[in-house]
Every structure is written in structure tokens, then in C-alpha cells.
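Reading through the C-alpha cells given below for one structure.
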């Protein structure tokens, strides 16, 4: 066991590679981050790198899965059962407003699919799965809020949320999150209006 | 003149490189498209390529500028003076709905900024300029429609429009454009309501 640990770059090598990937893939982009930059940032040898990840794509996949294991702040808002469902739907915009660095580079899943450009089917599948899971949670929350068409409302909120991250990244403009929240609020109120009145 | 034309790969070499860039950068991504792939697709030598574009980034810039010279279908909708302003604002979603291939890969400007990741300031500036110009036209159209806060309405429509392209690309789901249009319609009607009533 000790021998194996040593040959794999010591304790924590995998963890350090994952941390380097999380930082560099998100900030610099996936294509722009080569294995050399990753090994340097993680303080591991190239040999150690490939012992943990047979290909760079395997690391990209692990990088995206790590977001599934520890969901981003916006996703966690949907689990805040102390809030009424409508407020939970709007709370997904809070982290984008309070932490501009969270939107400057947009959504890591979306960015991965832009970079992979359909060339890496595993990545595209992972992103689709992730986006669908998030939308399913929005649908459940919209149903709880009493929306007559929870799926339709969830689809609209999801599009606005994606727009917030993408547009903020395009324009490097943190105000975009507040605009998105205002739009989502109008759409949610309009969807619930027939029941509220 | 003839000699110079010949040394630059014959008539149309620049045009062929631009066409190859337009296709490959958009479909495969910018990082994934190397100079070798571009010269092969354009039927030019590497020497000819660099005579026209000193760096690959110069070609990326020319590629984005070509979209400014001939605006995409959604932008052209804003110039359709035969439509009432509210319909013009909604018509930007038409091309996304009728041509799924237009959204499958999202917005070329947004994608360029995702790939450039802040590393190519000229690209980031070009994208910001482009997004701002589009939003300014939305603001003018919103003002024409009688919106009490045309800038605020334009910002919301812009976020939803960006979401349509980005989310359709993330999920590979052409229905997203219709969801975005529905959301934009609600937001526009709500913004105009105080004056309509």
C-alpha cells in the first residue's frame, strides 16, 4: 500500500490534481489548460498524473462530476426548505448577485459543452444530465408553489438562469444577475397569477 | 499586382480562409481548430495563411468581425420596420425557433469569450462591444414600444435571449427557443402594462 501510494505521487496527489483542474479548467478554459500546466499546479509528475487519469478527458469528466457531488451555491438554494417555494425559485439568483466571480466565467457545465463542441460525447451527455436534473428540481419546486404548468414554468426559469451566467460572462457585467432575477420574478408571478387571484 | 495575388495563394485565398474559419470555429470550436485544419479546409498553404493572418488570433478577430458586417438573423429582425416594435422585440427569437442548427452551437461571440477565457483581451472587448450594440438596439426598440424603462426591459430581454442560445447549446434542445420567447413575451407585456391599461 505504501509503495503504491508513493508511486502515485504520495498521499493527496489525486486530490491536488482535482483541485488544480477545478481552478484552471474553470478560469482558463479546458483546451487552454494542458497536462503540463496541471502537473505543475498540482505538484505531481506527468507519470503520476496519468496513473490517476489515463487521459485528459478522464480528468475533465471527473472535474464535472465533482460539481455533481458538491452542487454549486445556486443549486443548494432549492434545498432550503425553510423558504416558501417561490422564494426558493428566486434564491437561485442570489449567489450570482452576491459573488460576481461566480458568474464572470459562467457555468462550468455550459462552458465544457462549448469547448467540447460535440466532439466529446461523454461530456455532452454529462452536461445534459446535469441540466436536466437541475430543471427537474425547478419543476418540483414550481409544482410545490402551485404553478398550473410546473414544467413550463421550470423551463422558462431555467432559460433565464442560463442566460444570467452566460450573459454575465459575455459582457463581464455583474448587474446581469439582478436583471435575470427581475425577469424570473415577473415570469413566476404571471404563471401563478391565475391561482393567486 | 498579379505576382502579389499569386504569392498570397491566388484570388479568393483570404475569402476561402474566412469561410473555413466561419465553419470550423463555429462548429468545432476555436481551440480545437488548428491552423493545419484551416489551411486544409481552405486549400491554401501555411505560408499563404500567415500572409493573410499573422496569427491565429488575428483570424479569430476577423471571424467575429465578419458577424458584425453581416449580422445574424436575430439581429436583422430588429430592423424590420414594417413590424410594430413589440413584435420586433419578439421576432429575435424566430430564427432560433425555425433553424435549430442556429442554436445548437449557441452564440459565436459568447462561445469565443468562453474559449478565450479572458486570455485574449481583444476578443473579450469585441464581444462586449457586440453585446452592447445589440442591447442598445433592444433599448431603442423598447423605447419605441413605449416602455417606461426601456433600458431595464432591454437588459431583461437580452438576458433571456442569451439564455436561449446558451441553454439550447447546453441541452441540445431546440424547444428552448420557444420557452425563451414565452418568457420574453411575459416580461415585455408586464413592462408595458402600466401604459396599456
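Protein chains in written order, with my numbering: chain A, 1 to 197; chain B, 198 to 394. A virtual CB, placed ideally from N, CA and C, is assigned to each residue, including glycine.
{"Query": "Short-range partners of chain B found in the stretch 50-65 of chain A, where Cβ spacing is below 7 Å", "Result": "none"}
{"Query": "Same chain, Cβ closer than 7 Å to residue 21(A), five either side skipped, listed in chain order", "Result": "38, 59 and 63"}
{"Query": "CB contact below 9 Å: residue 240(B) versus chain A", "Result": "no"}
{"Query": "Exposure label - residue 42(A); buried when at least 16 CB within 10 Å", "Result": "buried"}
{"Query": "Cβ of residue 115(A) within 9 Å of any chain B Cβ", "Result": "yes"}
{"Query": "Residue 249(B) vs residue 167(A) beta-carbon contact at 9 Å", "Result": "no"}
{"Query": "Min CB distance residue 155(A) to chain B below 9 Å", "Result": "yes"}
{"Query": "Buried/exposed call for residue 173(A), threshold 16 Cβ in 10 Å", "Result": "buried"}
{"Query": "Listed by chain order, chain C residues near residue 320(B) by CB distance under 8 Å", "Result": "Of the protein chains in the structure, A and B, none is chain C."}
{"Query": "Within chain A, the residues that residue 376(B) reaches when beta carbons sit closer than 7 Å", "Result": "155, 156 and 159"}
{"Query": "Own chain partners of residue 319(B) with C-beta closer than 8 Å, once the 5 adjacent residues on each side are dropped", "Result": "254 and 258"}
{"Query": "Through-space distance from residue 189(A) to residue 262(B), alpha-carbon basis", "Result": "40 Å"}
{"Query": "Cβ of residue 379(B) within 9 Å of any chain A Cβ", "Result": "yes"}
{"Query": "Same chain only: Cβ atoms within 7 Å of residue 141(A), ignoring 5 sequence neighbours per side", "Result": "78, 85, 88 and 89"}
{"Query": "Identity of the residue in 80(A), 118(A) and 124(A) nearest residue 224(B) by Cα", "Result": "118(A)"}
{"Query": "Opening and closing residue of the alpha helix (DSSP H) in which residue 170(A) lies", "Result": "150-171"}
{"Query": "Burial state of residue 74(A) (16 or more Cβ within 10 Å)", "Result": "buried"}
{"Query": "Integer-rounded CB distance, given that residue 159(A) should sit under 8 Å from residue 373(B)", "Result": "6 Å"}
{"Query": "Span separating the alpha-carbon of residue 5(A) from that of residue 18(A)", "Result": "Its pLDDT being 47, under 50, residue 5(A) is placed unreliably by the model, and the measurement read from it follows with that caveat. Going by the C-alpha atoms only, they are around 17 Å apart."}
{"Query": "Test item: CB-CB of residue 289(B) and residue 358(B) under 9 Å", "Result": "yes"}
{"Query": "is_contact[residue 349(B), chain A] using C-beta, thresh 9 Å", "Result": "yes"}
{"Query": "Residue 186(A) classed as buried or exposed, judged by whether at least 16 other C-beta atoms fall within 10 angstroms", "Result": "buried"}
{"Query": "Minimum Cβ-Cβ distance from residue 271(B) to chain A less than 9 Å", "Result": "no"}
{"Query": "Residue 184(A) classed as buried or exposed, judged by whether at least 16 other C-beta atoms fall within 10 angstroms", "Result": "buried"}
{"Query": "Beta-carbon proximity check, residue 389(B) vs residue 349(B), cutoff 9 Å", "Result": "no"}
{"Query": "Residue environment, residue 243(B), which counts as buried when at least 16 other CB atoms sit within 10 Å", "Result": "exposed"}
{"Query": "Same chain, Cβ closer than 8 Å to residue 302(B), neighbours up to 5 away in sequence not counted", "Result": "223, 224, 308 and 366"}
{"Query": "8 Å Cβ shell around residue 130(A) - same chain, five flanking residues per side excluded", "Result": "64, 67, 68 and 109"}
{"Query": "Cutoff 9 Å: residue 383(B) Cβ touching any chain A Cβ", "Result": "yes"}
{"Query": "C-beta contact flag for residue 116(A) and residue 231(B) at 9 Å", "Result": "no"}
{"Query": "Closest by C-alpha distance to residue 334(B), when choosing among 212(B), 278(B), 229(B) and 220(B)", "Result": "278(B)"}
{"Query": "9 Å Cβ cutoff met for residue 199(A) and residue 120(A)", "Result": "In the structure as shown, chain A starts at 1 and stops at 197, and residue 199(A) therefore has no counterpart that could be examined."}
{"Query": "Through-space distance from residue 353(B) to residue 107(A), alpha-carbon basis", "Result": "19 Å"}
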